[in-house]
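Chemist:
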Amino acid sequence: IGGLPVSIQNIRDVSEICKRHHIPFFFDCARFAENCFFIKQNEPEFAEATIQEIAKEMFELSDGAMMSAKKDGLQNIGGFITLNDGEVFEHLKELMIIVEGFPTYGGLTGRDLDALAVGFYEVMEEDYLDYRIDQIRYLGERLKSVGMPIVEPTGGHAVFIDAGKFLPQIKPLEFPGHALAVEFYREGCIRVCEIGSMMFADVDPETGIETPATRELVRLAMPRRVYTASHLEYIVETAEKIVKIKDQLSGYKITKQSKLLRHFTCDLKPKAMKKLKLLK
Ligand SMILES: Cc1ncc(COP(=O)(O)O)c(C=O)c1O
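Per this note's numbering, the sequence shown starts with residue 5, numbered consecutively.
#1: Could you tell me if the beta carbon of His-267 falls within a distance shorter than 8 Å of some heavy atom in ligand 1?
#2: What would DSSP say about Asp-76, mapped onto helix, strand or coil?
#3: Using the rule of at least 16 other Cβ atoms within 10 Å of the residue's Cβ for burial, across every protein chain shown, is Tyr-189 buried or exposed?
#4: Out of Ala-167, Leu-264 and Arg-141, which one is the CA nearest neighbour of Pro-153?
#5: Can you look up Met-48 in the DSSP assignment and give me helix, strand or coil?
#6: CA-CA distance, Ser-234 and Arg-115?
#7: So who's on the other strand from Pro-9, going by DSSP bridges?
#8: Look at Phe-147 and Ile-165 and say whether their C-beta atoms are less than 9 Å apart.
#9: How about Lys-257 and Lys-273: do their beta carbons lie closer than 9 Å?
#10: Check Gly-200 in the structure and name its three-state DSSP category.
#11: Compare the Cα-Cα distances from Ile-81 to each of Gly-105, Ser-72 and Asp-89 and report the closest residue.
#12: So, do the stretch 208-224 and the stretch 179-195 have three or more beta carbon pairs nearer to each other than 8 Å?
#13: Would a C-beta distance cut-off of 9 Å place Leu-78 and Arg-229 closer than the cut-off?
#14: Where does Ala-51 land, buried or exposed, given buried means 16+ other C-beta within 10 angstroms?
#15: Going by beta-carbon coordinates alone, are Ile-58 and Ile-12 separated by less than 9 Å?
#16: When you get a sec, list the residues whose CB is within less than 7 Å of any heavy atom of ligand 1, chain order please.
#17: Counting only the same chain and skipping the five closest in sequence on each side, list residues whose C-beta sits under 6 Å from that of Arg-141.
#18: Please state whether DSSP places Pro-28 in a helix, a strand or coil.
#19: If you reduce the DSSP assignment to three classes, tell me which class Thr-232 lands in.
#20: Pick helix, strand or coil for Ala-185, following the three-state DSSP scheme.
#21: Within a Cβ cutoff of 8 Å, which residues of the same chain sit near Gln-56, ignoring the five residues on either side of it in sequence?
#22: Label Ile-239 either buried or exposed according to how many other C-beta atoms from any shown protein chain fall within 10 Å of its C-beta, with 16 as the threshold for buried.
#23: Which complete beta strand (DSSP E) runs does the stretch 144-170 hold, if anything under 3 residues is left out?
#24: Apply the 10 Å Cβ neighbour rule to Ala-276 and answer buried if 16 or more other Cβ atoms are within range, or exposed otherwise.
#25: Leaving aside the five residues before and after Thr-242 along the sequence, list all residues of the same chain whose C-beta is less than 8 Å from its C-beta, in chain order.
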């Protein structure tokens, strides 16, 4: 949670359990380079290792991985699955024909594949990772200093605001995270993302009764190589304005939702249409 890293020991332990029970062990490796950077920082065994060496050690413990290349592929689009099992590969190829097309259709364009080939090397440059992780740490500190509670310590790729703590007047199933996300957009045109009960509540398929998620968070994910320090200050200024009106904020109700992954497409309406006095 919170973009926090997985240690090599944890990966070794899971790998060992999976092997013992003949369960294939797959990574979601979208943030693999950030994870390697934290391993280097936190684990004495890898203090002198390069990011490439740590990545090799990590991936050798898995049977395959799913990659969303927009993240640590430094790519604009696309992704892939890696495998070490020919049978699973054949099965996935058949499924792909149903949902996407023949592998020979190509998937990504040539220029995207070229960008990915370069992106994989650049993402492992320590200067890049150092700057990126430090941006997250800095933004987290600044948000805290203006009164927004965050998940600590900060990890990679995003700052997570604890919306449940920030807006205690809004019940989990009235989505405090979404209320805060709306306010970031209304105040500063900043797009952030609820990671709480709208995304992760457990909905009983028969009764429709919902059990809230364990945390009500908002993710401020940082685009790579885009934001300067003044962009971060703008986010903080917006947060400061929201802190001033936090007691006026109320929750939301879902009016339309899909069966799967409702947070991507659901419609919501505010529980109370209070007229907010927005600050200049
Ligand atoms: C670890 C991880 N995996 C997967 C995804 C989603 O990737 P996509 O949008 O390509 O489905 C994200 C998005 O932030 C992510 O952080």
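Ideal Cβ positions, reconstructed from N, Cα and C, are used throughout, including at glycine.
Modeler: Let me spell this out:
#1: no
#2: coil
#3: exposed
#4: That would be Ala-167, whose Cα lies nearest to the Cα of Pro-153.
#5: Checking the sequence shown, residue 48 turns out to be Pro, not Met. In this structure, Pro-48 counts as helix in the three-state DSSP scheme.
#6: 32 Å
#7: According to DSSP, Pro-9 bridges with nothing at all.
#8: Looking at the sequence provided, one finds Leu at residue 147 rather than Phe. Yes, they are a contact pair.
#9: Contact flag set, yes.
#10: DSSP, reduced to helix, strand and coil, places Gly-200 outside both helices and strands of the structure shown, so it counts as coil.
#11: Ser-72
#12: yes
#13: yes
#14: Classification of Ala-51: exposed, given that the 10 Å Cβ count is below 16.
#15: In contact: Ile-58 and Ile-12 (Cβ atoms closer than 9 Å).
#16: Near ligand 1, meaning a beta-carbon closer than 7 Å to one of its heavy atoms, we find Asp-32, Ala-34, Arg-35, Ser-72, Lys-74, Lys-75, Gly-83, His-161 and Ala-225.
#17: Cβ within range, chain order: Thr-158.
#18: coil
#19: coil
#20: helix
#21: Met-128, listed in sequence order.
#22: buried
#23: Runs found: 162-166.
#24: That one is exposed.
#25: Phe-188, Glu-191, Gly-192 and Ile-194
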